[in-house]
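What follows is a short report on a single structure.
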Amino acid sequence: MLKSSQRRIAAGALLAAATMVVTTACGGGSGDGGGKGAGAPGFNAGVNKVANVSDKKGGELKFIGSQDADFWDPQRGYYGFMWDFARYYTRQLVTFKAAPGAASTELVPDLATDTGKVSADGLTYTFTLKDGVTWEDGKPITSKDIKYGIERVWAQDVLSGGPIYLQQVLDPKGEYKGPYKDTTTDKLGLKAIETPDDKTIVFKLPAANGDFLQMLAMPAASPVRQDKDTKAKYTLKPFSSGPYKWQSYTPNKSLKLVRNDKWDAKTDNVRKALPDTISVAFTTNADDMDNRLVEGEYDVDINATGIGSAARQKVLQQHKGNVDNPQTGFIRYAVFPQTVIPNIECRKAIIYAADSKSLQTARGGPQAGGDIASNMLPPAIKGADPKADPYNKLGGAPDLAKAKEALKKCGKPNGFKTTIAVRNNKKIEIATAESLQQSLKAVGIDAQIDQFDGAQTSGIIGSPKVVKDKGYGIIIMGWGADFPTGQGFLQPLVDGRFILQSGNNNFSELNDKAINGLFDKALKETDPDKAGEIYKQINTKVSEAAVYLPFTHEKNIIWRSSRLTNVYTADAYNGRYDYASLGVVK
Amino acid sequence: MTDKLTKTGAAVGEPVDTGKSAPSEAFLDVRDLKIHFPTDDGLVKSVDGLSFQLEKGKTLGIVGESGSGKSVTSLGIMGLHTVGQYGRQKAKISGEIWLNGRELLSADPEEVRKMRGREMAMIFQDPLSAMHPYYSVGNQIVEAYRIHHDVDKKTAKKRAVELLDRVGIPEPAKRFDNYPHEFSGGMRQRAMIAMALVNNPELLIADEPTTALDVTVQAQILDLMRDLQKEFGSAVVIITHDLGVVAELADDILVMYGGRCVERGPAESVFYEPQHPYTWGLLGSMPRIDREQTDRLIPVKGNPPSLINVPSGCAFNPRCPYADVPKGGITRTQRPELALVGERHHSACHMPQEERTRIWTEEIAPKL
Amino acid sequence: MLAYIIRRLFAVVVMLLVVTLVTLSIFFLIPKMTGSDPAAMFVGKQADPASIEAVRQKLGLDEPLLVQFWHFVSGIFVGRDYTGGGDTIHCAAPCFGYSFRSEQDVWSMLIDAFPVTLSMVLGAAVLWLVLGVSTGVVSALKRGTIVDRTAMITALAGVSLPIFFTAMLAMLVFRTQLKWVDATYVPITESFGGWFGGLLLPWVTLAFLYAAMYARLTRATMLEVLGEDYIRTARAKGLPESVVLGKHAMRSTMTPILTIFGMDLGALVGGAILTETAFSLHGLGALAIRGVSERDLPLILAVTLITATCVVVANLIVDLLYAVIDPRVRLA
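Read top to bottom, the protein sequences are chains F, H and L.
Residue numbering for the first sequence follows the numbering used here, beginning at 4 and increasing consecutively.
Residue numbering for the second sequence follows the numbering used here, beginning at 3 and increasing consecutively.
Residue numbering for the third sequence follows the numbering used here, beginning at 108 and increasing consecutively.
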């Protein structure tokens, strides 16, 4: 960090150039980002460790964001930050551990006394609720409230938007029609869940799924009390089961939570509940948001989309101590539809010819873009091996000799023509496509770039027919898991049974019996470590198929205000801070 | 030859050349008036040494082509070259303008402002553009009255209606509230005259008062002006390019060419014994109702002189059909001065007077 | 005059109906042309076709265009019910539709956003009118001087700089560096000071752009007016220059300015999108952006209607005003 006098000179010089530069120093004196504070313990102080450890309560934690949640209704929200934030006002049977980095992906009991008793066949999960867990009006949370909450997932025609894993796992045939069309008197007609008493809940799965606990940890598995269910309007004011309750909310404008004094800290090992109030302001100017964070007006970007390019340079130079640079669990990649490029050697030629270093630069460099990726499992997921590098991409340079050799084997020694499909609303992806196009030229592969309407993704690249008709040999995309396991990340991308005619994500249309079989095996495995071993095998086979060219394990540059205490990034929440643990100095 | 100018008791006399600041006994006395406008192309000498006198109750007609400096002169008398010249280069004005014993060019502009409209008023050429389109006619007359008379609106309105009535506008109380565009051209000019006369000015300047009107209306307006002058007893300066108008009204005539006076004198004298080729040209181009219309209407050939590079000799020389007439040793660069050629009749021409009289009586007059 | 107003108002209503129909048509045709589906936009990533169909019914998107049109128009007067999936949402009159994206009726969103936009636009309008016209007048009267040149160069900058840039610059200088204002909107009903402080920067920024345009317009008009014969007449009457300028010249100068002012005001109420975005003001412009980015049909429809209404009503007012100012104009 600069000394104060140097800072003042720097700030003065920048002020002189103020008409030229829109974002500049935040002014002499407050260079540590927000005056009095717990301090800025340094770059990446919140990655894989806890910065500013403290149990001090009180104060207002101030979030700012450029994007409101899709829905705050626990059954409807699908945005990643909403799942993180939802722990303030919802509880689940199990949830992610309050720990930094990869340790956060471990599931621990929340409303339940333990992580459930699983039958030997993996089909029955039984949970017992803790004593003293209550709603914001003091009434106890019962097993029936949990069942009713989960049932709401079935009412997609009223409560659209959320993940439907629970529906797919518990009722794959779609027999239940949801609580609003439920003809039973207690509206608890879903057969797969039993509530023998108020403290016990039993899930009966038609088929085993090793990640069922992961699904129960999602906000979609939160309890909702029937007499408080306002259906579609529930998103405007959810009834709290967590340490904070809704005080006021204006969509896209502001949100304020205050302490739920009925919440008993003794029943909760995960949520620290340090601030007295939690506020969120939504802005429409992302650059201004970055400035306000740096000025110390707000503490965290709730969306954690990363500091924008306008302010990034300044922040990294002058406020590096307030920055964390975690991995998001996303992989940015190119995928090769086999219907368009059926010959594996031609695909290998593309992989060898790609210049990983320049692709990384196009993504924003090592900090804003992320580390070069060499295979399709993010480091935070069990079974991942970031060092596995079958095509020698970690070196960063293209391997033109091998690329030409592959082209010969493919029968096209002078290269071939193809099309790169890229979303027109993602500037960085377009830059990546151009970089790839450039390096492919070196071996004679002539790739035209086709920018398609990013809002129509599921109808264009999500349709195998359109992909084939348009001749998309290369598609630029990115992917993050809904839950941090091999199933959550890889299955929609590479399991042949997940190929859909619309909204498809298995763009390569990989349909390998061995891979599909390994997924079945992994799903039956309830021990996460053993399942991880199987995902490792799957990942190796995916690499061998040469249908993916991973670019980066995405990283993010996020701002940590000096007021924040107990700050750490959680892999379980895509590298966002664990919001439930945050506190502020007053 | 140049006669020594002598003062006479007539309406138009010669400026007194006895020391600059001596107050004049004439009602209006303009002495060696020069109005020059600096422009990017050079100094425009719009008026370059003009002198004349006018008594109350008399009418002076100033005639000349467009650009001869007649309108600039009238605005100069009104003092309108020095107000509202925002951002423009200031006009250079020298000489003296005496009105009723007061010199205007050296007077406090605020004093001159107070005299405008009250002691000297002006009638403009196009009454439609000269009246504000957003205010009613009555309103504009009232405004002209109240700026000089501390009276309430009612009294002022009464006065305005009276004037409208006097200038011949039917149902004046009703027309009072009409806007300029609701008047016909002739009515508008009548209203304009009413506005000019509302303060009983002693000097009335009419700048092309009938040019924008059709012929029958022209005659009515001229009649009206003659009647009004008798009634009000003002001194009138009428500026026009139309000698017919002057013939109707003027006691004296002043012919301007290139910012200078080339001939001036009593109306009959100038009309029937003109002594300047330019005046002949003007008379030749004038349609005459009292004569049989022939195709011999001859306009003055050529273009008006540049006011920036004024020829050093006779300004009319380039267009003069008699430029070749021998002039007895006078060089081309010598400027002809005004010389007495008849009773109170002056003309500025190098040709010998006998020759001019001959040309007029033998060559020009018979064709007219 | 009255007959004229009635006729014009009738035309306004017809025009708004046409705007509604056109907007609806666009959303009716989009799915057919692009193969995308507004209903699918409301449902989650994993939605099955049955859910999409259910949402489509609830939104009324399965109905013929004219039926949708009728539902919309009648909803404004008698309210409307959206039923589907065992849930009924009532949208009370005046119902301008229901945003399924934010689970609110659009009318309440508009009511919420309108004061923000109105505060911003009116405040800025006062500022730019005063600033722009006085600068223009001074510039005209000081034509060719250093004052005139400085003013006109500043005005040129104001006209050509993008509002997003001036907004960020204003925030940098006045909020970050000088800390005079915090540039966060507070309703006037809560605190006048907060409202004023919060809107000061948007006012200044927006006013800078418009004041620049008005200064140039005023200057040009003023110079033209000063050359008019009736100004010379006014002076010849002996009026003091203050009256000549303040009354005769200003009245003519203000006429075209007021016309454009009315139009600008009307257009800005619905369309100050950039300013609202830059200052994070949650007004109608922000709603428009949201509606488009989230494919929120009812929201887009309502904002389009409000904007269209503002523009046509502003036009009507300007026309009426013009007739008052300029006696030569006859309304027929």
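Note that beta-carbon positions come from the ideal geometry of N, C-alpha and C, so glycine has one too.
At a cut-off of 7 angstroms between C-beta atoms, residue 376 (chain L) does not count as an interface residue with respect to chain F. Going by DSSP, residue 266 (chain F) is part of no alpha helix (DSSP H) at all; its letter is neither H nor E.
Put simply, the CB of residue 282 (chain L) is far from chain H, with every gap to its CB atoms at 7 angstroms or more.
In the three-state scheme derived from DSSP, where H, G and I count as helix and E and B as strand, residue 330 (chain F) is classed as strand. Burial is judged here by how many other beta carbons sit within 10 angstroms of a residue's own beta carbon; residue 265 (chain H) has at least 16 and is buried. Neighbours of residue 351 (chain L) in chain H, taken as residues whose beta carbon is under 9 angstroms from its own, are 85 and 86 in chain order. The beta strand (DSSP E) runs of length 3 or more contained entirely in the segment 96-141 of chain F are, from start to end of the chain, 97-99, 110-112 and 127-131. From the beta-carbon of residue 149 (chain H), the residues of chain L found nearer than 7 angstroms are 344, 345 and 346.
Taking 7 angstroms as the threshold, the shortest C-beta distance from residue 248 (chain L) to chain H falls below it. DSSP places residue 258 (chain H) inside the beta strand (DSSP E), whose first and last residues are 254-259. Contact residues of the segment 176-189 of chain F toward chain L are 177, 180, 181, 182, 183, 184 and 185 (C-beta to C-beta distance below 9 angstroms).
Taking the C-beta atoms as reference points, residue 194 (chain H) is found no nearer than 7 angstroms to residue 111 (chain H). The alpha-carbon separation between residue 295 (chain L) and residue 301 (chain L) amounts to approximately 7 angstroms. Only 393, 396, 397 and 402 from the segment 390-410 of chain L bring a Cβ to less than 8 angstroms from some Cβ of chain F. Remark: fewer than three beta-carbon pairs, one from each stretch, lie closer than 8 angstroms, so the segment 126-137 of chain F and the segment 307-316 of chain F are not flagged as touching. For the pair residue 557 (chain F) and residue 380 (chain F), the Cα-to-Cα distance works out to about 12 angstroms.
Beta-bridge analysis with DSSP links residue 63 (chain F) to F:280. Only residues of its own chain outside the window of five on either side were considered, and among them 157 and 158 have a CB closer than 6 angstroms to the CB of residue 181 (chain F), listed in chain order.
Chain L has a Cβ within less than 7 angstroms of the Cβ of residue 135 (chain H). Neighbours of residue 337 (chain L) in chain H, taken as residues at a C-beta separation under 7 angstroms, are given in chain order as 131, 132, 133 and 134. Residue burial annotation: residue 88 (chain F) is buried, with at least 16 other C-beta atoms found within 10 angstroms of its C-beta. Taking C-beta atoms as the reference points, residue 302 (chain F) and residue 566 (chain F) count as a pair closer than 7 angstroms. Residue environment for residue 233 (chain L): exposed (fewer than 16 other C-beta atoms within 10 angstroms of its C-beta). In this structure, residue 555 (chain F) places its C-beta atom within 7 angstroms of the C-beta atom of residue 372 (chain F). Interface annotation for the segment 240-267 of chain L against chain H: 247, 248, 249, 250, 251, 252 and 255, criterion Cβ-Cβ distance under 8 angstroms. Counting of Cβ neighbours within 10 angstroms places residue 117 (chain L) among the exposed residues, the total staying below 16. The beta carbon of residue 317 (chain L) is closer than 6 angstroms to those of 235 in its chain, skipping five residues each way along the sequence. In the three-state DSSP reduction, residue 376 (chain F) falls in the coil class, being neither helix nor strand. Of the candidates F:535, F:470, F:359 and F:315, F:359 places its Cα closest to the Cα of residue 377 (chain F). Per the Cβ contact rule, the segment 199-210 of chain H is in contact with the segment 148-166 of chain H (3 or more Cβ pairs under 8 angstroms). In the three-state reduction of the DSSP assignment, residue 52 (chain H) falls in the strand class, which pools E and B. Among the bridge pairs identified by DSSP, residue 195 (chain L) is matched with L:190.
Among the CB atoms of chain L, one or more fall inside 7 angstroms of the CB of residue 236 (chain F).
Taking 7 angstroms as the upper bound on Cβ-Cβ separation, chain L lies near residues 158, 159, 160, 161, 163, 164, 165, 166 and 167 of the segment 158-170 of chain F.
Fewer than three pairs of CB atoms, one per stretch, sit closer than 8 angstroms, so the segment 89-96 of chain F makes no contact with the segment 169-189 of chain F. Residue 256 (chain L) and residue 356 (chain L) have their C-alpha atoms roughly 22 angstroms apart.
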